[in-house]
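Residue numbers (our numbering): 151 to 596. Note that beta-carbon positions come from the ideal geometry of N, C-alpha and C, so glycine has one too. Reading through the structure tokens given below for one structure.
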Amino acid sequence: MKKNVKKELFYGLRSLLRDNFLSRHLLARLRRNAQLDQAGMDRLQLNLLHATLQCAIDKLPYYAHIDKHFPVGDTLQVLRRDFPIIDKSTLLANRQRLYPNGGKTKPWYSVGKTSGTTGTPLTIFRSPLSVLYEMAFVWRHWECSGFRRGARSAVLRGDVVVPQSREAPPFWFYNRHDKQLMISSRHLKEGYMAAICDQLDAYAPAMLQAYPSTAFTLASYLQRQQRFLSIPLVFTSSEPLYPHQRALIEERFRARVSDMYGMAERVAFASACEFGAMHVNADYAYVEIVDDDGQPTTDFGFVVGTTLHNHVMPLVRYRLSDRARWKTGACACGRPFPVLEEISGKYEDAIFGGDGQPVSPSVLTFAFKGVEHILKSQVAQVAQDRWQIRIVPAPAFSKVQELALIENIRQLVDKDIMVEIVLTSDIPNTSSVKFRWVVNEHKKNK
Numbered sequence: 151m152k153k154n155v156k157k158e159l160f161y162g163l164r165s166l167l168r169d170n171f172l173s174r175h176l177l178a179r180l181r182r183n184a185q186l187d188q189a190g191m192d193r194l195q196l197n198l199l200h201a202t203l204q205c206a207i208d209k210l211p212y213y214a215h216i217d218k219h220f221p222v223g224d225t226l227q228v229l230r231r232d233f234p235i236i237d238k239s240t241l242l243a244n245r246q247r248l249y250p251n252g253g254k255t256k257p258w259y260s261v262g263k264t265s266g267t268t269g270t271p272l273t274i275f276r277s278p279l280s281v282l283y284e285m286a287f288v289w290r291h292w293e294c295s296g297f298r299r300g301a302r303s304a305v306l307r308g309d310v311v312v313p314q315s316r317e318a319p320p321f322w323f324y325n326r327h328d329k330q331l332m333i334s335s336r337h338l339k340e341g342y343m344a345a346i347c348d349q350l351d352a353y354a355p356a357m358l359q360a361y362p363s364t365a366f367t368l369a370s371y372l373q374r375q376q377r378f379l380s381i382p383l384v385f386t387s388s389e390p391l392y393p394h395q396r397a398l399i400e401e402r403f404r405a406r407v408s409d410m411y412g413m414a415e416r417v418a419f420a421s422a423c424e425f426g427a428m429h430v431n432a433d434y435a436y437v438e439i440v441d442d443d444g445q446p447t448t449d450f451g452f453v454v455g456t457t458l459h460n461h462v463m464p465l466v467r468y469r470l471s472d473r474a475r476w477k478t479g480a481c482a483c484g485r486p487f488p489v490l491e492e493i494s495g496k497y498e499d500a501i502f503g504g505d506g507q508p509v510s511p512s513v514l515t516f517a518f519k520g521v522e523h524i525l526k527s528q529v530a531q532v533a534q535d536r537w538q539i540r541i542v543p544a545p546a547f548s549k550v551q552e553l554a555l556i557e558n559i560r561q562l563v564d565k566d567i568m569v570e571i572v573l574t575s576d577i578p579n580t581s582s583v584k585f586r587w588v589v590n591e592h593k594k595n596k
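Structure, rendered in structure tokens:
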């Protein structure tokens, strides 16, 4: 009873902080931004970027040597000339100089943390206004996809909803303040998923927020049970969304999947439009794609972003581990935002073929098509010339499927790589309950 009261207070307070006059005002502003033509969006972004650079010079000792007296028109030149590309290691090594207040938080800061899946977790200080902006950008994405405020939703992400030790329903909690059915992703187990599906069926949400892996796990269960749900919209984020995941989620939920790309550092935000293109929200951050030498490239390169709304701790030219490429041409949706081709995920989790060239995870999914009786899988590079494919098998999985998978990899993906199939009872998620389908353990252990 006491725990439920705490949850009610938590979700009630969160709802007040996220949905109020100011947050709705910001959302209205973002709606207007999306109606700008390209020239108008470029002007807006340049002004926001100029304000961020001024703030960085004023607040962060790392940039104090830079002359702040430059006009808006020179902003891009100053950015590329005077502001070096930084990354996570730079922040960790220069806390006194790249964090405000000597690296010490203040009561009004919101402190965000990265998941730490590629090493040491990182803390980021955020202004209250930037937190409201973050939710407003998400809401703009939801609205553009057809979701409306006040409609029912369900959430299947990393939230600790009920104790992990619970062995009987409910494996969910109803957040009445936001009309959200919060489902425990830690209970996506064979013996519990029937109850979860029944609850979703009865609740009939208009949309589901999920990690690709959690939605795919539930969709795989529905497929095994020859069952469907009807959830019109599924919004995915926080992990790469692979084609085989999208296809099964859309089939079993009878849904349209709309993906979103963001990170705890808040230096880039991309959202899928109704035509499936991933648009970089130019009024959220200034995004560059650079090669290994930090130079702009039209090929695949590292994503580098500069935040436009967090003036408590402005991150300038922050390089992520993710790689992407710009897509040329205008999108049919008409929005004034550039488009990214496939985002390859963290560079540490890129895997390489027998010839040393990177292998797209999307290409890798072709090897699994038609191979049945797999509950869960993961592809790991364990040596320069060897992959380990970890499989949680269904009871009907046999040597036939194992050999078919190996042959598919040779025929459809890479004929030179050595492949080892490892059967296991489970493949653990990361500490933040995210799942990595592709992982490069060879690179990490070097």
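So is S315 buried or exposed if we call it buried at 16+ other beta carbons inside 10 Å?
Locating residue 315 in the sequence shown gives position 165, where the first residue counts as 1. Result: exposed.
Using the DSSP secondary-structure output, state which residues sit across from F275 in a beta bridge.
By one-based count along the sequence shown, residue 275 stands at place 125. In DSSP, F275 forms a bridge with V261.
Could you give the DSSP three-state label for F171: helix, strand or coil?
Stepping through the sequence shown from its first residue, residue 171 is reached at position 21. Three-state result, F171: helix.
Roughly how many whole angstroms lie between the Cα atoms of R402 and H219?
Numbered from 1 along the sequence shown, position 252 holds the residue referred to as residue 402. Numbered from 1 along the sequence shown, position 69 holds the residue referred to as residue 219. Distance between the alpha carbons of R402 and H219 is about 57 angstroms.
Neighbourhood of K526 by C-beta, 6 angstroms cutoff - its chain only, sequence neighbours within 5 removed
Your numbering for residue 526 matches position 376 in the sequence shown. For K526, where only same-chain residues beyond five positions count, the Cβ hits under 6 angstroms are V542, I577.
The stretch 248-255 touching the stretch 380-395, judged by at least three CB pairs closer than 8 angstroms:
no
Assigned secondary structure, P578 (DSSP; H/G/I helix, E/B strand, else coil)
To locate residue 578, count along the sequence shown from 1; it is residue 428. Reduced to three states, the DSSP call for P578 is coil.
Less than 8 angstroms between the beta carbons of A356 and P382, yes or no?
As a first step, residue 356 must be located in the sequence shown, where it is residue number 206. As a first step, residue 382 must be located in the sequence shown, where it is residue number 232. The answer is yes: Cβ separation under 8 angstroms.
Pick helix, strand or coil for R540, following the three-state DSSP scheme.
Taking the first residue of the sequence shown as position 1, residue 540 is located at position 390. Correct three-state label for R540: strand.
In angstroms with no decimal places, state the Cα-to-Cα distance between C423 and D433.
Position 273 of the sequence shown, counted from the first residue, corresponds to residue 423. Position 283 of the sequence shown, counted from the first residue, corresponds to residue 433. C423 and D433: Cα-Cα distance of roughly 16 angstroms.
Cβ separation of T457 and V430, assumed to be a contact under 8 angstroms, to the nearest whole Å:
In the sequence shown, counting from the first residue as 1, residue 457 sits at position 307. In the sequence shown, counting from the first residue as 1, residue 430 sits at position 280. Not confirmed; about 13 angstroms, so no contact.
Pick helix, strand or coil for V440, following the three-state DSSP scheme.
What you label residue 440 is simply residue 290 of the sequence shown in a count that begins at 1. Residue state, collapsed to three classes: strand.
Taking the alpha-carbon positions, what's the R475 to V437 distance?
For this step, residue 475 is matched to residue 325 along the sequence shown. For this step, residue 437 is matched to residue 287 along the sequence shown. Taking the straight line joining both Cα atoms gives about 11 angstroms.
DSSP-derived helix/strand/coil call for H429
Along the sequence shown, read from residue 1 onward, the residue named residue 429 stands at position 279. Reduced to three states, the DSSP call for H429 is strand.
Please report the straight-line C-alpha distance between A301 and S421, rounded to a whole angstrom.
As a first step, residue 301 must be located in the sequence shown, where it is residue number 151. As a first step, residue 421 must be located in the sequence shown, where it is residue number 271. One C-alpha to the other measures close to 21 angstroms.
Shortest alpha-carbon distance to S117 belongs to which of N325, R182, W258?
Because the chain is modelled from 151 through 596, residue 117 falls outside the range shown and cannot be assessed.
Nearest-angstrom Cα distance between G426 and D441?
One-based indexing of the sequence shown puts residue 426 at position 276. One-based indexing of the sequence shown puts residue 441 at position 291. Taking the straight line from one Cα to the other gives about 26 angstroms.
Helix, strand or coil: how does DSSP classify R404 here?
Residue mapping note: residue 404 aligns to position 254 of the sequence shown, counting from 1. Looking at R404 - three-state DSSP - the assignment turns out to be coil, as it is neither helix nor strand.
Find out if the Cβ-Cβ distance for the pair D472, V454 is shorter than 8 angstroms.
Here residue 472 refers to the residue found at position 322 when the sequence shown is read from its first residue. Here residue 454 refers to the residue found at position 304 when the sequence shown is read from its first residue. For D472 and V454, no; Cβs fall outside 8 angstroms.
Cα-Cα separation between E591 and F585, rounded to whole angstroms:
If you number the sequence shown from 1, residue 591 lands on position 441. If you number the sequence shown from 1, residue 585 lands on position 435. Going by the C-alpha atoms only, they are around 15 angstroms apart.
Check the C-beta distance from K263 over to T273 and give it rounded, since I have them as a contact under 8 angstroms.
Translated into positions along the sequence shown, residue 263 becomes position 113. Translated into positions along the sequence shown, residue 273 becomes position 123. Going by Cβ atoms, the distance from K263 to T273 rounds to 5 angstroms, so yes, they are a contact pair.
DSSP state of L398, grouped into three classes?
Within the sequence shown, numbered from 1, the residue matching residue 398 stands at position 248. The answer is helix: DSSP assigns L398 an H, G or I state.
On the DSSP bridge list, what partners appear for I333?
To locate residue 333, count along the sequence shown from 1; it is residue 183. Per DSSP, W322.
Three-state class that DSSP yields for V588 in the structure shown:
Indexing the sequence shown from 1 puts residue 588 at position 438. Strand at V588.
Output the distance between the C-alpha atoms of F305 and Y212, rounded to the nearest integer angstrom.
On the sequence shown, residue 305 is found 155 positions in, with the first residue counted as 1. On the sequence shown, residue 212 is found 62 positions in, with the first residue counted as 1. In the sequence on display, residue 305 carries Val and not Phe. Roughly 40 angstroms separates the two Cα atoms.
Give, in chain order, every unbroken run of the alpha helix (DSSP H) that is at least 4 residues long and sits entirely within the stretch 166-219.
171-184, 188-209
Beta-carbon proximity list for L372, same chain, < 6 angstroms, skipping 5 on both sides
Taking the first residue of the sequence shown as position 1, residue 372 is located at position 222. The answer, listed in chain order, is R402.
Assuming the contact rule is C-beta atoms closer than 8 angstroms, H461 and S277 should be a hit. Round their C-beta distance to whole Å, please.
Position 311 of the sequence shown, counted from the start, is the residue given in the question as residue 461. Position 127 of the sequence shown, counted from the start, is the residue given in the question as residue 277. Yes, they are in contact, since the Cβ atoms of H461 and S277 sit about 6 angstroms apart, within 8 angstroms.
Residues in its own chain within less than 6 angstroms of Y161 by CB, not counting five upstream and five downstream?
Within the sequence shown, numbered from 1, the residue matching residue 161 stands at position 11. Cβ neighbours of Y161 beyond the five flanking positions: N325, H327.
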